[in-house]
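First up is the structure itself, then whatever we jot down about it.
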Amino acid sequence: MTAADTAAELLSVAREAASAACTLVHTNRPDSLSVSTKSTATDHVTDMDRASEALIREVIADRRPDDAVVGEEEGGDAALSGVTWWVDPIDGTTNYVYDHPGYAVSVAAWVDGTPTAAVVEDPTHARTYWATAGGGAFCNGHRLVLGDPPPLAQMLVATGFGYEARRRRAQGQVVAELLGEVRDIRRMGAAAVDLCSVASGRVDAYFEVGLSRWDLAAGMLVAAEAGATVESIEGGPPRAESVLACHPGRIDELRGLLVGLGAHRV
Ligand code: IPD
Ligand code: CA
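Going left to right, the sequence shown walks through residues 1459 to 1724 as my numbering numbers them.
Have a look at this one:
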């Protein structure tokens, strides 16, 4: 099997799993949710997050029984080599709880630690994004290619905030300063979708600290395959702890601004 064949096979599993999960959580959304909390009183998890992950795991186990799976709700261990699936069964759970558009199901397959196939399905906007390493990024079948970036002062920059009060205050201070330097900011509520929004040109850049690997694992491949540079805010490979996605022609300038504001240290 060539690398492209492997990526195509992984992509078809990811698409099947994400589609089944979106039918469950979105099309068949129950009238009432059972909601509990995780890391803080505002970090929600619902019965549908758990059911979505269970369903995604079933699809993967059926088609790829030997692969490792790591998911937000059930955990798991990444494989030292071979395929690891990174699953966020609902990214943007706060949006989901409030029935606010813009949550997503995010499924990525990494091979030997390299993002290889990715699906982010945003059912409230009827958008399915996918990408394979070297095979390009797509939304509903249309190829995504980044256009020329605007000057820094005209950039629309997406970001997100963590669940812990001290960090959120610090993130708010960074954003207060940033607002005077760029066109505007957006806080949509799902990191996976934010990365796909960079890929689609709906924002010009995205940065955040304090994510988990499953929030990023699919969206970062979509953004990169559309032509964005995806790194950590301070430079170097992206980490869940620090991510910046932007057109390669503008990333150094934006990084200079964000590092100057201490965005990577909150
Ligand atoms: C959250 C979303 C949000 C981001 C948070 C994440 P979750 O994921 O991606 O946009 O700002 O940092 O934790 O908890 O809804 O899966
Ligand atoms: Ca989640």
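All C-beta atoms in this analysis are idealised placements derived from N, C-alpha and C, irrespective of residue type, glycine included.
Note that the structure is a prediction, hence the values are computed from the model and not measured.
Assuming contact is defined by CB atoms lying nearer than 9 Å, are residue i and residue j in contact in what I supplied?
i	j	result
A1595	L1702	no
A1476	V1563	yes
G1550	A1648	yes
A1616	R1644	yes
G1560	V1545	no
W1588	W1568	no
V1471	R1522	yes
L1468	V1541	yes
E1699	R1713	no
S1490	P1547	no
Q1629	V1724	yes
A1575	A1466	yes
H1484	T1586	no
L1716	H1722	yes
S1658	L1602	yes
Y1556	D1507	no
A1686	L1604	yes
D1505	Y1621	no
V1632	R1473	no
T1498	A1623	yes
Determine which residues share a DSSP beta bridge with residue i and list them.
i	result
W1408	Residue 1408 is absent from the structure shown; the chain starts at 1459 and stops at 1724.
V1517	According to DSSP, which records beta bridges pairwise, V1517 is partnered with nothing at all.
P1559	Answer is none; P1559 lacks a bridge partner.
S1658	Bridge partners of S1658: none, in fact.
What I want to know is whether the C-beta of residue i ends up closer than 8 Å to one or more non-hydrogen atoms of ligand 2.
i	result
P1547	yes
W1672	yes
G1668	no
D1582	Note that residue 1582 is Thr in the sequence shown, not Asp. No, the Cβ of T1582 stays beyond 8 Å of every heavy atom of ligand 2.
E1692	no
T1551	yes
D1652	no
D1505	no
E1530	yes
Sorry if obvious, but does the Cβ on residue i come closer than 8 Å to a heavy atom of ligand 1?
i	result
D1463	no
Y1415	Past the edges of the chain, shown from 1459 to 1724, lies residue 1415, and the structure says nothing about it.
I1498	In the sequence as displayed, the identity of residue 1498 is Thr instead of Ile. Every heavy atom of ligand 1 is 8 Å or more from the Cβ of T1498, so no.
F1665	no
G1605	no
M1646	yes
Measure from the C-beta of residue i to each C-beta in chain C and report whether the shortest distance is under 9 Å.
i	result
E1689	Here there is only one protein chain, and chain C is not present.
Next item on the list: Report the residue ranges of all beta strand (DSSP E) runs contained in full by the stretch 1582-1651; include only those spanning at least 3 residues, in chain order.
Entry: Qualifying beta strand (DSSP E) stretches, in chain order: 1585-1590, 1594-1597, 1614-1617 and 1642-1644.
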